[in-house]
Amino acid sequence: MKAVKAKRVIVEYGAEIDPQDMIEPPDAGTLELEAGHPGLGDKGYVARRQQLFALCRGHRLNRLGPPLIGYTAEENRIWREVSPKLDELHCQHASHIYLDAKRALGISQTEIPQLRHLSEQLKRKTRMHLVPAEGPLPYRTFYKYIGERGFPVTQFIRHGSHPEFTPEPDMIHDCLGHVPPLMDQDYAELLTLIGKAVSATQDPEQVLALKRFSWFSIEFGLIEEKNEIKVFGAGILSSTGEIPFSLSAEVERRPFITDEVIATDYDPSRMQDLLFVIPSFVFLRREVEELVKRFGIAVKA
Ligand SMILES: [Fe+2]
């Protein structure tokens with residue numbers, strides 16, 4: 009009797025998902041602020057977000073690069089309130105690779121930076137560039153750009169009523185979390201390889217594995233430097249709460265073992281109490297190369 013092939017089940021964030029969503033992610037064409045978003049009842053904020061959504065989506069889809077934005081006094085005020093607090097924590101706890109890059113980029117603590125200018129600096133240093141994003145993009149869409157050396161970044165800022173909180177990635181998360189490490193060549197190459205692999209595979213389990221690999225490194229990674237644990241993940245670096253929490257006794261920190269990482273589910277809606285520590289970006293780059301080889305994904309040079 010012919011064996012019936014078991015239906016593949018994919019679990020993400022503790023729930024079963026449609027495996028096809030990993031391969032063909034939905035593309036939201038309109039702004040959607042989730043329930044509980046601090047800006048929901050503020051008509052001016054919602055209108056501004058809709059305006060930036062349309063502008064950035066148009067620039068992304070038409071491959072025009074980041075538009076120059078005239079930020080309002082209120083938007084700059086929020087930046088000015090949050091970025092010095094983060095900078096103080098970065099000086100104490102961020103990886104030196106991150107700190108050196110942040111200084112080299114000249115990111116101001118008083119004015120929201122223009123992504124177009126940051127993008128030009130990245131191009132010169134590591135051949136990466138920034139792609140304007142209207143909001144959070146689905147994982148495979150996001151990494152398809154990265155496979156072409158483009159990192160999608162938002163150009164809006166959180167609501168002023170809660171300057172230290174955002175339920176979605178915004179410019180503070182992107183510019184103060186994601187952009188500086190893109191100045192490091194090993195980091196740029198390992199990211200690009202993940203992007204190429206995610207674009208090339210048609211296997212939803214492989215996409216999910218690479219997504220978990222990214223989550224526990226690019227978003228929530230820790231690195232050991234001179235016998236000290238430092239932060240390099242953007243999700244930690246962009247939160248005044250997550251930085252001290254990630255190094256506290258409440259968090260379990262394990263060595264970064266790829267097979268363990270890709271088998272670990274997580275919940276993005278709460279503070280992360282399990283983190284992995286890498287020894288270097290060179291190590292992380294080799295781990296991605298090995299994983300992609302083991303998966304049998306043929307990537308273009
Ligand atoms: Fe992120």
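The numbering used here numbers the first residue of the sequence shown as 9 and each following residue consecutively. Every residue gets a Cβ at the ideal spot worked out from N, C-alpha and C, and that includes glycine.
Start and end residues, beta strand (DSSP E) containing residue i
i: F173; result: Careful: F173 lies outside any beta strand (DSSP E) and carries neither H nor E.
i: A141; result: H137 to A141
Simplified DSSP assignment, three categories, for residue i
i: V300; result: helix
i: T200; result: helix
i: A306; result: coil
i: I311; result: Lying before the first or after the last residue shown, residue 311 is absent from the chain, which here runs from 9 to 309.
i: A23; result: strand
i: A102; result: strand
i: Y195; result: helix
i: K10; result: Low local confidence applies: a pLDDT of 47 at K10 is under 50, so the model's placement there is unreliable, with the coordinate-based value given in what follows. It is coil, neither helix nor strand.
i: K234; result: coil
i: V290; result: helix
i: E119; result: coil
i: P276; result: coil
i: G158; result: strand
i: F284; result: strand
i: E260; result: strand
i: V239; result: strand
i: I180; result: helix
Residue i and residue j closer than 7 Å at C-beta
i: L142; j: R57; result: The displayed chain sequence assigns Glu, not Leu, to residue 142. No, the pair does not count as a contact, with Cβ atoms beyond the cut-off.
i: R68; j: P140; result: yes
i: V296; j: I202; result: yes
i: R261; j: L292; result: no
i: L356; j: Q163; result: With the chain running from 9 to 309 in the structure shown, residue 356 is simply not present.
i: V269; j: F228; result: no
i: Y147; j: K219; result: yes
i: P160; j: L184; result: no
Check: residue i C-beta below 6 Å from any heavy atom of ligand 1
i: A62; result: no
i: E250; result: no
i: E227; result: yes
i: A242; result: yes
i: P188; result: no
i: P144; result: no
i: P175; result: no
Limits of the unbroken alpha helix (DSSP H) element including residue i
i: L76; result: It is not in any alpha helix (DSSP H) - L76 carries neither H nor E in the DSSP assignment.
i: T134; result: L123 to T134
i: S222; result: P212 to S222
i: E250; result: E250 to S254
Chain C within 7 Å of residue i, Cβ atoms only
i: Q129; result: Chain labels in this structure do not include chain C; a single protein chain is all it has.
Would the region 173-187 count as touching the region 233-243 if we require 3 or more Cβ pairs under 8 Å?
Yes, the region 173-187 is in contact with the region 233-243.
Counting Cβ pairs closer than 8 Å, one from the region 146-158 and one from the region 205-213, do we hit at least three?
For the pair of segments examined, the region 146-158 was found to touch the region 205-213: the number of CB pairs separated by less than 8 Å reaches three.
State whether the region 109-129 contacts the region 86-95, with contact taken as three or more CB pairs (one from each stretch) at a distance under 8 Å.
Result yes; three or more Cβ-Cβ pairs closer than 8 Å.
Check whether the region 184-199 touches the region 243-258, taking contact to mean three or more Cβ pairs, one atom from each stretch, closer than 8 Å.
Between the region 184-199 and the region 243-258, the count of Cβ pairs shorter than 8 Å is three or higher; the stretches touch.
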